[in-house]
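To start, the structure under review is shown below, and the notes come after it.
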Amino acid sequence: MATLILGMARSGRALARLLQARGRAVVLADERLAAGDLPDDLRGLPFHGGPFAADWLQGVTRLAVSPGVLPDAPAPRAARAAGIPVSGELEEAFALAGAPVLAVTGTNGKSTTTTLLGLLLESQGWLAPAGGNLGRPFSELVLAEPDADFYVLEVSSFQAETFARFRPHAAALLNLTPDHLDRYGDAERYYAAKLRLFERLAADDWLVLPAGGGLDARLGGCPARRLRFEPCGGAGAGGGPASDAGATAAAGGDAGADGAGLRGGAIVLRRAGRETPLLPAADLRLVGRHNLANALAALACALPFLRDEAALAGVLRAFPGLPHRMEPLGRCGVLDCYNDSKATNVEATLASLGGLAGPLLLIAGGRDKGGDFDLLARELPQVRLAYGIGEAGPSVVLAFGPRGRLAGDLAAALRAALDEGRDGERLVLSPACASFDQYRDFEARGDAFRRLVREAVP
Numbered sequence: 001m002a003t004l005i006l007g008m009a010r011s012g013r014a015l016a017r018l019l020q021a022r023g024r025a026v027v028l029a030d031e032r033l034a035a036g037d038l039p040d041d042l043r044g045l046p047f048h049g050g051p052f053a054a055d056w057l058q059g060v061t062r063l064a065v066s067p068g069v070l071p072d073a074p075a076p077r078a079a080r081a082a083g084i085p086v087s088g089e090l091e092e093a094f095a096l097a098g099a100p101v102l103a104v105t106g107t108n109g110k111s112t113t114t115t116l117l118g119l120l121l122e123s124q125g126w127l128a129p130a131g132g133n134l135g136r137p138f139s140e141l142v143l144a145e146p147d148a149d150f151y152v153l154e155v156s157s158f159q160a161e162t163f164a165r166f167r168p169h170a171a172a173l174l175n176l177t178p179d180h181l182d183r184y185g186d187a188e189r190y191y192a193a194k195l196r197l198f199e200r201l202a203a204d205d206w207l208v209l210p211a212g213g214g215l216d217a218r219l220g221g222c223p224a225r226r227l228r229f230e231p232c233g234g235a236g237a238g239g240g241p242a243s244d245a246g247a248t249a250a251a252g253g254d255a256g257a258d259g260a261g262l263r264g265g266a267i268v269l270r271r272a273g274r275e276t277p278l279l280p281a282a283d284l285r286l287v288g289r290h291n292l293a294n295a296l297a298a299l300a301c302a303l304p305f306l307r308d309e310a311a312l313a314g315v316l317r318a319f320p321g322l323p324h325r326m327e328p329l330g331r332c333g334v335l336d337c338y339n340d341s342k343a344t345n346v347e348a349t350l351a352s353l354g355g356l357a358g359p360l361l362l363i364a365g366g367r368d369k370g371g372d373f374d375l376l377a378r379e380l381p382q383v384r385l386a387y388g389i390g391e392a393g394p395s396v397v398l399a400f401g402p403r404g405r406l407a408g409d410l411a412a413a414l415r416a417a418l419d420e421g422r423d424g425e426r427l428v429l430s431p432a433c434a435s436f437d438q439y440r441d442f443e444a445r446g447d448a449f450r451r452l453v454r455e456a457v458p
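In our numbering, the protein residues as written are 1 to 458.
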């Protein structure tokens, strides 16, 4: 009896290799690829291509679907009707992992927090490879790093949809705002998918939440021990002084709560009633108050596993952030340019730009995922000009009114910004949309912008 793996992108290939290495029978399938498109090491395995057919499920005991496969697609629908469990790559790899999982989810900030958490743990002497929705699939980590002390995973809502056994030892919920409405139809269905990550947490596990209790009601029945991080609603970091953002006497904002937060402009840990200052928040290389919140979330998640608090400051000072996430591109003409292509929804763009002083020039647009561009224009008065690109470009321009300029594509937007920009202004590509109208993914879009900026520099 075999596991049918539907979707032969990176995670599907990684799962096939892991299951093979553990002596499991696998059958591969992809509705858009042919057998000849598979990597050499997988070409000898049974393969189904083209539209789904019922005979794909013959001899199959589990169906593991790619995150891109819709829950009501023909294959998972037929599997459920036949009593065959529908799973995913994270779920299957979890059953074969020999170390605890520390998981990070939320609408925005997952990749930065996950990467930084892995680095913080490694500064403590732990082997803690990071991956999941970020970079390396979980299956690849389990196969390549069998001696890991922890696996640090970014978890998306698409991946969490199929969870039934997945249980992290610590799990962080960074934030929760509407996204992927093109898949879920409404925000509550999206939230429900996200929250599946926390359903199996037990009393000896850890739950990391923003201070202030705004998300507690959604996880009120979770028995895990709580840690808090300051959400930094009014703090700045990276290029500007940080404030306490209204923090109470407790680091993390909740009186008596263990976690990470701000005190007098310094990042502090709070554990068992003791506060430990680590470094001034202004020393972070990360740009933006949202990235300060990500750093505090990573610290809170690492807190139960710390061995040497003094080693944390060096990691925080050195970490430059990830590509396509408020990535500094340097000076172009009179403008300081930033690549924030990973901001694929309105809330991500608000988080990136909300803490930056103006005036700013914004490039936004792409494939609309149901975002509220009127909210974007209303909440970002520091945007002097907004250049609309892609399918949603006209909607962006309409929302920004007299501040809006229809550019169409990145090259035209950059040319217009260089013509209209003023000395010292920031130009930020922060699209608030998916990239698929013009680019294969947000990385390709950010790479294109980086290249355009580089080529425009005299």
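Ideal placement from N, C-alpha and C gives every residue a C-beta, glycine not left out.
Taking the alpha-carbon of PHE94 as reference, which of PRO168, ARG10 and GLY321 has the nearest alpha-carbon?
On the sequence shown, residue 94 is found 94 positions in, with the first residue counted as 1. Answer by Cα proximity: PRO168.
Please report the straight-line C-alpha distance between LEU19 and LEU262, rounded to a whole angstrom.
Position 19 of the sequence shown holds residue 19. Position 262 of the sequence shown holds residue 262. C-alpha separation (whole angstroms): 45 Å.
Below 6 Å CB to CB, which residues in the same chain sit around VAL453 once its five sequence neighbours on both sides are set aside?
The count along the sequence shown starts at 1 and reaches residue 453 at position 453. Beyond the five residues adjoining it in sequence on each side, VAL453 comes within less than 6 Å, by CB distance, of LEU329, CYS332 and CYS337 in the same chain, given in chain order.
Complete beta strand (DSSP E) runs within the region 166–205 (minimum length 3 residues, chain order):
Given a length threshold of 3 residues, each whole run of the beta strand (DSSP E) inside the region 166–205 is given here in chain order: 170–173.
Straight-line gap, ALA34 to LEU45 (C-alpha atoms, nearest Å):
Taking the sequence shown and counting its residues from 1, the one referred to as residue 34 is at position 34. Taking the sequence shown and counting its residues from 1, the one referred to as residue 45 is at position 45. If you take the alpha carbons of ALA34 and LEU45, they lie about 13 Å apart.
The beta strand (DSSP E) spanning SER87 covers which residue range?
Locating residue 87 in the sequence shown gives position 87, counting from the first residue. Here the beta strand (DSSP E) through SER87 covers 86–88.
Consult DSSP for THR162 and reduce its assignment to one of helix, strand or coil.
The sequence position of residue 162 within the sequence shown is 162, counting from 1. DSSP places THR162 in coil when its eight states are reduced to three.
Checking 8 Å against the spacing of the C-beta atoms, do ALA29 and LEU4 come in under that value?
The residue given as residue 29 occupies position 29 in the sequence shown. The residue given as residue 4 occupies position 4 in the sequence shown. It is a contact, given that the beta carbons lie within the stated cut-off.
Assuming LEU19 is part of the alpha helix (DSSP H), what are its boundary residues?
On the sequence shown, position 19 is the one that residue 19 refers to. Per DSSP, the unbroken alpha helix (DSSP H) holding LEU19 starts and ends at 10–21.
May I ask you to report which of helix, strand or coil DSSP gives HIS290?
Here the question's residue 290 lines up with position 290 in the sequence shown. It is helical.
Going by DSSP in three states, GLU347 sits in which element: helix, strand or coil?
As a working note, residue 347 is residue 347 in the sequence shown. Here GLU347 sits in helix by DSSP.
Contact set for ALA170: own chain, Cβ-Cβ below 6 Å, skip 5 residues either direction
Reading the sequence shown from its first residue, position 170 is the one you call residue 170. Excluding its 5 nearest sequence neighbours in each direction, ALA170 has C-beta neighbours in its own chain below 6 Å: LEU102, TRP206 and CYS301, listed in chain order.
Could you name the residues of the same chain whose beta carbon sits closer than 6 Å to that of LEU299, not counting the 5 residues immediately before and after it, in chain order?
Residue mapping note: residue 299 aligns to position 299 of the sequence shown, counting from 1. Contacts found: ALA260.
Going by the DSSP bridge assignment, what does GLU275 pair with across the sheet?
Locating residue 275 in the sequence shown gives position 275, counting from the first residue. GLU275 pairs with ARG270.
By the 10 Å Cβ neighbour count, where 16 or more other Cβ atoms means buried, how is THR61 classified, buried or exposed?
If you number the sequence shown from 1, residue 61 lands on position 61. With fewer than 16 other Cβ atoms within 10 Å, it is exposed.
As an exercise, report each continuous beta strand (DSSP E) stretch of at least 3 residues that is fully enclosed by the region 384–440, in chain order.
Those beta strand (DSSP E) runs which fall completely within the region 384–440 and span 3+ residues are 404–408 and 426–429.
Helix, strand or coil at GLU154 [DSSP, three-state]
Looking up residue 154 in the sequence shown gives position 154. In the three-state reduction of the DSSP assignment, GLU154 falls in the strand class.
Euclidean distance between Cα positions of GLY393 and PRO277:
For the purposes of this step, residue 393 is taken as residue 393 along the sequence shown, with counting starting at 1. For the purposes of this step, residue 277 is taken as residue 277 along the sequence shown, with counting starting at 1. Taking the straight line from one Cα to the other gives about 45 Å.
Let me know if GLY7 comes out buried or exposed under the rule of 16 or more other beta-carbons within 10 Å of its beta-carbon.
Locating residue 7 in the sequence shown gives position 7, where the first residue counts as 1. Under a 10 Å Cβ-count criterion, GLY7 is classified as buried, with 16 or more other Cβ atoms of the shown protein chains found around its own Cβ.
Quick check on CYS332: does DSSP put it in helix, strand or coil?
Taking the first residue of the sequence shown as position 1, residue 332 is located at position 332. The three-state secondary structure of CYS332, taken from DSSP, is strand.
Going by DSSP, which residues form a beta bridge with LEU353?
Here residue 353 corresponds to residue number 353 of the sequence shown, with the count starting at 1. In the DSSP output, where bridge partners are listed per residue, LEU353 has none listed.
Where ARG325 and LEU181 are concerned, what is the direct C-alpha to C-alpha distance, given to the nearest angstrom?
One-based indexing of the sequence shown puts residue 325 at position 325. One-based indexing of the sequence shown puts residue 181 at position 181. Their Cα atoms are separated by approximately 22 Å.
Hey, would you say ASN175 sits closer than 8 Å to GLY88, going by beta carbons?
Start at 1 with the first residue of the sequence shown, and residue 175 comes out as number 175. Start at 1 with the first residue of the sequence shown, and residue 88 comes out as number 88. No, the pair does not count as a contact, with Cβ atoms beyond the cut-off.
Where are the beta strand (DSSP E) runs, 3 residues long or more, that stay fully inside the region 79–152, in chain order?
Taken in chain order, the unbroken stretches of beta strand (DSSP E) that lie wholly in the region 79–152 and span 3 residues or more are 86–88, 101–105 and 130–132.
Is there contact between the region 131–146 and the region 177–196, where contact requires at least three CB pairs shorter than 8 Å?
No, they do not touch.
So that I know if they touch, is there some Cβ in chain D lying closer than 8 Å to that of PRO277?
Judged by its chain identifiers, the structure shown contains no chain D, having just a single protein chain.
For ALA318, the first and last residue of its enclosing beta strand (DSSP E)
Here the question's residue 318 lines up with position 318 in the sequence shown. Unbroken run through ALA318 is the alpha helix (DSSP H), 312–318; no beta strand (DSSP E).
Alpha helix (DSSP H) segment containing LEU376, residue limits:
Mapped onto the sequence shown, residue 376 falls at position 376. Annotation for LEU376: the continuous alpha helix (DSSP H) segment containing it runs 373–379.
Beta-carbon within less than 6 Å of ALA313's beta-carbon, same chain only, minus the 5 sequence neighbours each way: which residues are those?
In the sequence shown, counting from the first residue as 1, residue 313 sits at position 313. Correct list, in chain order: LEU278 and LEU279.
Based on Cα-Cα distance, which residue from GLU327, ASN339 and ARG200 lies nearest to LEU410?
Residue 410 sits at position 410 when you count from the first residue of the sequence shown. Checking every option, the nearest Cα to that of LEU410 belongs to ASN339.
Taking DSSP's pairing of strands, which residues face LEU227 in a bridge?
Position 227 of the sequence shown, counting from 1, holds the residue named residue 227. When DSSP reads this structure, LEU227 sits in a beta bridge with VAL208.
Could you give the DSSP three-state label for LEU28: helix, strand or coil?
Within the sequence shown, the letter at position 28 stands for residue 28. The answer is strand: DSSP assigns LEU28 an E or B state.
Look up ALA297 in the DSSP assignment and say whether it is helix, strand or coil.
Within the sequence shown, numbered from 1, the residue matching residue 297 stands at position 297. Residue state, collapsed to three classes: helix.
Is it right to say LEU134 is buried, meaning 16 or more other beta carbons lie within 10 angstroms of its own, or is it exposed?
As a working note, residue 134 is residue 134 in the sequence shown. Classification of LEU134: buried, given that the 10 Å Cβ count is 16 or more.
Does the beta-carbon of LEU70 have 16 or more other beta-carbons within 10 angstroms, so that it is buried, or is it exposed?
Against the sequence shown, residue 70 aligns to sequence position 70. Counting other Cβ atoms within 10 Å of its Cβ, LEU70 stays below 16 and is therefore classed as exposed.
Segment limits, alpha helix (DSSP H) that includes LEU452
For the purposes of this step, residue 452 is identified with residue 452 of the sequence shown, where counting begins at 1. Start and end: 442–456.
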